[in-house]
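For reference, the structure is listed below as structure tokens.
There are 4 protein chains.
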Amino acid sequence: AAAPVMLEGPGETEPPRINISISKRSMASKTPVGFIGLGNMGSPMAKNLIKNGYPVIATDVFPESCKELQELGAQVMDSPADVAEKADRIITMLPSSPNVIEVYTGPNGILKKVKKGTLLVDSSTIDPSVAKEMAVASEKMGAVFMDAPVSGGVGAASMAKLTFMVGGLEEEFQAAEELFTCMGANVVYCGQVGSGQAAKLCNNMLLAIGMIGTAETMNLGIRLGLDPKLLAKILNMSSGRCWSSDSYNPVPGVMEGVPSANNYQGGYGTTLMAKDLGLAQNTATNTKSSIPLGSLAHQIYRVMCSRGYANKDFSSVFQFLREEEAQ
Amino acid sequence: AAAPVMLEGPGETEPPRINISISKRSMASKTPVGFIGLGNMGSPMAKNLIKNGYPVIATDVFPESCKELQELGAQVMDSPADVAEKADRIITMLPSSPNVIEVYTGPNGILKKVKKGTLLVDSSTIDPSVAKEMAVASEKMGAVFMDAPVSGGVGAASMAKLTFMVGGLEEEFQAAEELFTCMGANVVYCGQVGSGQAAKLCNNMLLAIGMIGTAETMNLGIRLGLDPKLLAKILNMSSGRCWSSDSYNPVPGVMEGVPSANNYQGGYGTTLMAKDLGLAQNTATNTKSSIPLGSLAHQIYRVMCSRGYANKDFSSVFQFLREEEAQ
Amino acid sequence: AAAPVMLEGPGETEPPRINISISKRSMASKTPVGFIGLGNMGSPMAKNLIKNGYPVIATDVFPESCKELQELGAQVMDSPADVAEKADRIITMLPSSPNVIEVYTGPNGILKKVKKGTLLVDSSTIDPSVAKEMAVASEKMGAVFMDAPVSGGVGAASMAKLTFMVGGLEEEFQAAEELFTCMGANVVYCGQVGSGQAAKLCNNMLLAIGMIGTAETMNLGIRLGLDPKLLAKILNMSSGRCWSSDSYNPVPGVMEGVPSANNYQGGYGTTLMAKDLGLAQNTATNTKSSIPLGSLAHQIYRVMCSRGYANKDFSSVFQFLREEEAQ
Amino acid sequence: AAAPVMLEGPGETEPPRINISISKRSMASKTPVGFIGLGNMGSPMAKNLIKNGYPVIATDVFPESCKELQELGAQVMDSPADVAEKADRIITMLPSSPNVIEVYTGPNGILKKVKKGTLLVDSSTIDPSVAKEMAVASEKMGAVFMDAPVSGGVGAASMAKLTFMVGGLEEEFQAAEELFTCMGANVVYCGQVGSGQAAKLCNNMLLAIGMIGTAETMNLGIRLGLDPKLLAKILNMSSGRCWSSDSYNPVPGVMEGVPSANNYQGGYGTTLMAKDLGLAQNTATNTKSSIPLGSLAHQIYRVMCSRGYANKDFSSVFQFLREEEAQ
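Chains H, P, E and U, in that order, give the protein sequences. Position 7 of the first sequence, counted from 1, bears residue number 7 in the numbering used here, the numbering being contiguous throughout. Offset between the second sequence (1-based) and the numbering used here: plus 1000. Offset between the third sequence (1-based) and the numbering used here: plus 2000. Offset between the fourth sequence (1-based) and the numbering used here: plus 3000.
See the structure below:
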């Protein structure tokens, strides 16, 4: 049985070391891949494509973001449209829905010059309904769109240990999988277009609920006189068990190698979790789904963002709830 | 590694079959055990003591509850005080805090006639602060009190598969453990008096949060077009994983042998969960602990109790949240 | 001082009686007004314009909706674009954001044929950001856009007792006010474009919170043995006072002439409140505003919609929370 | 019509000036009143009794608290029992339930020496069920117990402007009312014993919900571009209106003379509100009442207590939710 995948797991503290030793031959034998969006996540992902012998044709709104990749051999273009003209497989990795809409359907967007049959893979985390819109727009131009959001953070991106949750036509899945395996360790096919995004939002919503619940429970138990390590052990052998209690415990001193052991540095930031919960809330509102705990989790991370926890790992909710009242 | 303990797991649907074949000799060699409270849980627990060769001296406010046990050889007394006069180890299994107070400190209570050095074990689920009060009152009379709430339900009680969470003096633990192992499969020492109750409340609060969270998440995913089995699989290999998603999934059709596969019959009733969450809320209020999700979980199970879900398994929250809006 | 305005107040139970006695002369002297969207709200609003002597040029996606108005003298067109060609003041009254986008910017939308200087007033309840987008698009065509959502329900629409909350350029406000006063009793200028929508969403969010809070409080008080009328009186002379406690009490028997006195018929439906709270939630998420109680109120009305309360007045939350638990 | 009573209103900033000019004659003609608990609230209340000519017989666990009252002519006793021996009307004003239990039923408590027919009035804010217990215990000794919690704060106590919410036998109400009118401006009879407490908890729970709701709404509106004063005006003429929006607005700059205009100094502290909400939660749990918003309000004030808001006015929840996220 495969080891459990850690979505949005703790960030690595050591700098990623990637040995780029590419045989010119292998590069020549592979068709180029377009890559749009060279931020914290996109840049190491693109590097891993290069490392695996794919010629990369890249662009970013900030030209300086392309420099490092250019030195590694990537061809840099001025716009998404220009990338689309040259590559028949393109990956996009962008911060949010409006950027995705612009990169695909804007005046210099991919769809202005996309070739028929091109495979478009969006790895951004966005609203599933936007993914569906992009798929419809792509199809009109004869291209194929897949959503493939990732989890695992910057460290996992560098070490090609990401998990891809993929939505799209099953018959196109294999063509994309070849690329995913260069950048990640796990690939999960989730169904039709948009279901990659849906799966990621669902997972992260339940993760947030489990984390806050674990933080509340551990805090309550400690105040009732229980030893935190013992309480964690009891929960983990019982029905209270969850990933946040057994693999990412938010209480300092209970586990090693997790953000709570490192003053909540690294890991998955509260701001990112608040963004994901906002997307989950939007999809729930649009589908008239009741998510009472998910909504409250969203509000709690929202408040935390404005009270100094924006850049701490999301397990810092324990610290947020923990402090003793002033007497 | 031991299999995970399922606290408050699904009830068994088949009637428990216990072969009572007790050697008279072994009975003679063991000192009698008092047992007060012969309800749905207490009765099979007491039977398991008899089965293991312990002479049982029992009582209950409803005399008819004692009949079956009497036929198996138990001696039936009129009051807790009378039991205390005859046994130096006594187990109590009662519905709630007021009953415990009455049975220990009432006019015909245990403490009226308890012998010095008697071991008193309360397996009821009550407020940890009441457990501490009982311990203080018992100590005044020279007796030793332990709290040892159980999980596992009626089926586990019948099959001696309960889990005991025990609070009390560590040096007295062994004397009690001998009895626990006749009635249960797992015994967890949690610390000072009251910590058995604390551990149980903590676990069940996190369990309730995880269950509602799982129900919300599965419902949202389904509305977003995900296949429920696939979504459960993705969550369970990811950071959204929890006991409610991987061992007790609330969505019909995802797992077999759980209440959701049986129209939410059996298992752990919504009323019981609401009671536990009320106790957790009380302890949180008293210790000024913030439990935002735990509080909301309490309110949700409270509403469910009044809307026809009182006697369904607590995983029926999926059904409660699921229904489509009338158009 | 003016009497308090009741936003989304109780619906009238009697059919509205409007005496349409229009002088042909006054009609001739006024410039025509376009009206798009002749549903439950739009139809009586347009009638009131006719009653006040304005020639009306109307359209609706359902041609049969136009019949009654046509008999009263309105000119019916095929599309919003056609209306725009003929009228230089146009009011739109549509169910939700996508309809507004279609009617303004669609292939047969207003903006296809709008004349320079036309005043466009949207009285739909939609996302403030969509209102702003429509304003930008209108401005590009040389037209002026205002948002002017209403409150008061179908009864108030019929009796020209609506309240308009208006966002847009202050210098254009007077030209619009002339029309509002034909259809409503109160007009509130709220600021720049979008602020009419913002004000409405803010009011209705606080209204929902106050209503659920009143329902919880009254229920708790009743269970503690207080007489509901006396409790309402105490709250209303104290700091717990709110519109839901003193003008629209949700407990049957406390007030007359409100939906709670009529089995929660009439008034403002739970579905509509859930829609408004969804919009409020969206704007809060987009502006990163924390609305813990507003979010929970949204979820509660969402659950109610799927449990048989969709068409009852939103004060039926008292009934939803009230029921005694099964014993 | 009487002016609305402000329960727990803003504290006065000026020191209270009480002219104590007591005619010896009037004092002689009135029977003495016992007063137990001379804290921030009790002390000015007892002074107002003296001012109105009542001989006061007082005690407090901290003897130094009695000094000032002694100088004004009060007779100071060693214990509640001693007070009970001398007075046939006794008022108690204590911090919380355990103190009340001790003062009434403890070894030196009132009930040890209470005379038959004595009127006992408890003005503490406690659990209604404890009030009922005290009533039962008092009745056993032939005394009459009433609960009469107050609202209005220290300033109102000094100026005899408190509101009393009274529970107890209606036929005893007049004997007590004579005393209440010396210390307060409003007296509300709420029903049987415990209903004074019930009414106070209900009011304060709805007050807390309204305050947080107002804070969320004002914050959301401001972020949407609305002017806070204008938004408050719109809400106050509409159905969002509540005491917190129209009489105690939490947004600095909207109103004068309220804590939000004075950096949230004075008024009703967050800690006190959290205590009241804890009591409300307990009574709700005990009566199996669903209070979703009340529960969440409790949790929010609980978190605020531990994050530096303990001693600020409870309207500071606006500030707590307001802060912009770090970018």
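Just so you know, even glycine gets a beta-carbon here, dropped at the ideal spot from N, CA and C. This structure is a prediction, so every number in the text was calculated from the model and none was measured.
Would you verify that the beta carbon of lysine 1288 (chain P) is, or is not, closer than 8 Å to some beta carbon of chain U?
Within the second sequence, the letter at position 288 stands for residue 1288 (chain P). Yes, its Cβ sits closer than 8 Å to a Cβ of chain U.
Three Cβ pairs or more, each shorter than 8 Å: is that satisfied between the region 2285-2292 of chain E and the region 2210-2224 of chain E?
no
Reducing DSSP to helix, strand and coil, say where glutamine 1192 (chain P) ends up.
Within the second sequence, the letter at position 192 stands for residue 1192 (chain P). Three-state result, glutamine 1192 (chain P): coil.
Kindly list, in the order they appear in chain H, the residues whose Cβ is closer than 8 Å to that of methionine 1205 (chain P).
For the purposes of this step, residue 1205 (chain P) is taken as residue 205 along the second sequence, with counting starting at 1. Within chain H, the residues near methionine 1205 (chain P) are Gly213, Glu216, Thr217, Leu220, Gly240.
Looking at the C-beta of leucine 2321 (chain E), does it have a partner C-beta in chain P at a distance below 8 Å?
For this step, residue 2321 (chain E) is matched to residue 321 along the third sequence. Chain P places a beta carbon closer than 8 Å to that of leucine 2321 (chain E), counting this residue as a contact.
Starting from alanine 175 (chain H), follow the alpha helix (DSSP H) in both directions and report where the run begins and ends.
Numbered from 1 along the first sequence, position 175 holds the residue referred to as residue 175 (chain H). Unbroken alpha helix (DSSP H) run through alanine 175 (chain H): 170-183.
Taking the alpha carbon of methionine 3218 (chain U) as the point to measure from, which residue in U:Lys3275, U:Phe3035, U:Asn3203, U:Leu3235 has its own alpha carbon closest?
Locating residue 3218 (chain U) in the fourth sequence gives position 218, counting from the first residue. When only C-alpha atoms are compared, the closest one is U:Leu3235.
Contact criterion: CB-CB distance below 8 Å. Does valine 1341 (chain P) meet it with respect to chain E?
One cannot answer for residue 1341 (chain P) here, as it falls past the ends of chain P, which runs 1001 to 1327.
Exposed or buried, which one is phenylalanine 2062 (chain E) when buried takes at least 16 other CB atoms within 10 Å?
Translated into the one-based positions of the third sequence, residue 2062 (chain E) becomes position 62. Exposed.
Considering Cα atoms alone, identify which of H:Ser290, H:Pro80, H:Gly266 is closest to aspartate 88 (chain H).
Working through the first sequence from its first residue, we reach residue 88 (chain H) at position 88. Measuring from the Cα of aspartate 88 (chain H), the nearest candidate turns out to be H:Pro80.
So does the region 2224-2235 of chain E actually touch the region 2248-2258 of chain E, counting three or more Cβ pairs closer than 8 Å?
yes
Apply the 10 Å Cβ neighbour rule to glutamine 3327 (chain U) and answer buried if 16 or more other Cβ atoms are within range, or exposed otherwise.
In the fourth sequence, residue 3327 (chain U) corresponds to position 327, counting from 1. With a pLDDT of 42 at glutamine 3327 (chain U), under the threshold of 50, the modelled position of that residue is not reliable, and the figure given next carries that caveat. Under this definition glutamine 3327 (chain U) is an exposed residue.
Looking at chain P, is there any beta carbon in it that lies within less than 8 Å of the beta carbon of arginine 302 (chain H)?
In the first sequence, counting from the first residue as 1, residue 302 (chain H) sits at position 302. No, arginine 302 (chain H) lies away from the interface with chain P (no Cβ there is under 8 Å from its Cβ).
Does the beta carbon of cysteine 2202 (chain E) come closer than 8 Å to any beta carbon on chain U?
As a position in the third sequence, residue 2202 (chain E) is number 202, starting the count at 1. Cysteine 2202 (chain E) counts as touching chain U.
According to DSSP, is serine 43 (chain H) part of a helix, a strand, or is it coil?
As a first step, residue 43 (chain H) must be located in the first sequence, where it is residue number 43. Reduced to three states, the DSSP call for serine 43 (chain H) is helix.
Return the CA-CA distance between valine 76 (chain H) and isoleucine 90 (chain H), expressed in angstroms with no decimal places.
In the first sequence, counting from the first residue as 1, residue 76 (chain H) sits at position 76. In the first sequence, counting from the first residue as 1, residue 90 (chain H) sits at position 90. Those two C-alpha atoms are separated by around 14 Å.
Quick one: list the residues of chain P neighbouring serine 195 (chain H), beta-carbon separation under 8 Å, in chain order.
For the purposes of this step, residue 195 (chain H) is taken as residue 195 along the first sequence, with counting starting at 1. Ordered by position in chain P, the residues that pass the 8 Å Cβ test against serine 195 (chain H) are Leu1224, Gly1225, Leu1226.
To the nearest whole angstrom, what separates the beta carbons of valine 193 (chain H) and lysine 132 (chain H), a pair I think is in contact under 8 Å?
Numbered from 1 along the first sequence, position 193 holds the residue referred to as residue 193 (chain H). Numbered from 1 along the first sequence, position 132 holds the residue referred to as residue 132 (chain H). The pair is a contact, with the Cβ atoms about 6 Å apart (cut-off 8 Å).
So is asparagine 3203 (chain U) buried or exposed if we call it buried at 16+ other beta carbons inside 10 Å?
Counted from its first residue, the fourth sequence places residue 3203 (chain U) at position 203. The residue is buried, with at least 16 neighbouring Cβ atoms inside 10 Å.
Just checking: is the beta-carbon of isoleucine 36 (chain H) within a distance shorter than 8 Å of some beta-carbon in chain P?
Taking the first residue of the first sequence as position 1, residue 36 (chain H) is located at position 36. So, not an interface residue.
Express the C-alpha separation of leucine 1206 (chain P) and tryptophan 243 (chain H) in angstroms, rounding to a whole number.
Start at 1 with the first residue of the first sequence, and residue 243 (chain H) comes out as number 243. Start at 1 with the first residue of the second sequence, and residue 1206 (chain P) comes out as number 206. If you take the alpha carbons of tryptophan 243 (chain H) and leucine 1206 (chain P), they lie about 12 Å apart.
So asparagine 2052 (chain E) and cysteine 2182 (chain E) are in contact, right, with Cβ under 8 Å, and what is the actual spacing, rounded?
Residue 2052 (chain E) sits at position 52 when you count from the first residue of the third sequence. Residue 2182 (chain E) sits at position 182 when you count from the first residue of the third sequence. Sure, about 4 Å apart at Cβ, within 8 Å.
Report the residue ranges of all alpha helix (DSSP H) runs contained in full by the region 64-114 of chain H; include only those spanning at least 4 residues, in chain order.
67-71, 80-86, 97-105, 110-113
Does the pairing of the region 298-306 of chain H with the region 146-164 of chain H give three or more beta-carbon distances under 8 Å?
no
Who are the near neighbours of glycine 11 (chain H) in its chain, counting only those whose CB is closer than 7 Å to its CB and skipping five residues on each side?
Within the first sequence, numbered from 1, the residue matching residue 11 (chain H) stands at position 11. Caution is warranted here: a pLDDT of 39 is assigned to glycine 11 (chain H), below 50, making its placement in the model unreliable, and no coordinate value can be reported.
Rounded to the nearest angstrom, what separates proline 1107 (chain P) and aspartate 1078 (chain P) at their Cα positions?
On the second sequence, residue 1107 (chain P) is found 107 positions in, with the first residue counted as 1. On the second sequence, residue 1078 (chain P) is found 78 positions in, with the first residue counted as 1. Roughly 13 Å separates the two Cα atoms.
Are serine 2138 (chain E) and leucine 2111 (chain E) closer than 8 Å when you measure CB to CB?
Sequence index remark: in the third sequence, residue 2138 (chain E) carries index 138 (1-based). Sequence index remark: in the third sequence, residue 2111 (chain E) carries index 111 (1-based). Yes, the Cβ-Cβ distance between serine 2138 (chain E) and leucine 2111 (chain E) is below 8 Å.
Between lysine 3113 (chain U) and alanine 3084 (chain U), is the Cβ-Cβ spacing less than 8 Å?
In the fourth sequence, the residue the question calls residue 3113 (chain U) occupies position 113. In the fourth sequence, the residue the question calls residue 3084 (chain U) occupies position 84. Cβ atoms of lysine 3113 (chain U) and alanine 3084 (chain U): closer than 8 Å.
When we look at the beta-carbon of lysine 2200 (chain E) and count the other beta-carbons within 10 Å, is it buried (16 or more) or exposed?
Counted from its first residue, the third sequence places residue 2200 (chain E) at position 200. By the 10 Å Cβ count, lysine 2200 (chain E) comes out buried.
Does the beta-carbon of asparagine 1048 (chain P) have 16 or more other beta-carbons within 10 angstroms, so that it is buried, or is it exposed?
Working through the second sequence from its first residue, we reach residue 1048 (chain P) at position 48. Burial state of asparagine 1048 (chain P) is buried, judged by a 10 Å Cβ sphere holding 16 or more other Cβ atoms.
If we define contact as Cβ-Cβ less than 8 Å, is threonine 3283 (chain U) a contact residue for chain E?
As a first step, residue 3283 (chain U) is located in the fourth sequence; it is residue number 283 there, counting from the start. Closer than 8 Å: yes.
At which residue ranges does the region 275-307 of chain H contain complete alpha helix (DSSP H) runs of 4 or more residues, listed in the order of the chain?
292-304
How close, in whole Å, do the beta carbons of glutamine 2281 (chain E) and histidine 2298 (chain E) come, if the pair is a contact with beta carbons under 8 Å?
The residue you call residue 2281 (chain E) lines up with position 281 of the third sequence. The residue you call residue 2298 (chain E) lines up with position 298 of the third sequence. Indeed they touch by this definition, with Cβ atoms about 5 Å apart.
Please name the residue or residues paired with leucine 2162 (chain E) in a DSSP beta bridge.
Taking the third sequence and counting its residues from 1, the one referred to as residue 2162 (chain E) is at position 162. E:Gly2184.
Taking 7 Å as the limit between beta carbons, can you name the residues of its chain near methionine 141 (chain H), skipping five residues before and five after?
Counting from one through the first sequence, the residue named residue 141 (chain H) turns up at place 141. Leu111, Val114, listed in sequence order.
Name the residue from U:Phe3180, U:Asp3313, U:Gly3269 whose alpha carbon lies nearest to the alpha carbon of alanine 3160 (chain U).
Taking the fourth sequence and counting its residues from 1, one reaches residue 3160 (chain U) at position 160. The shortest C-alpha separation from alanine 3160 (chain U) is found at U:Phe3180.
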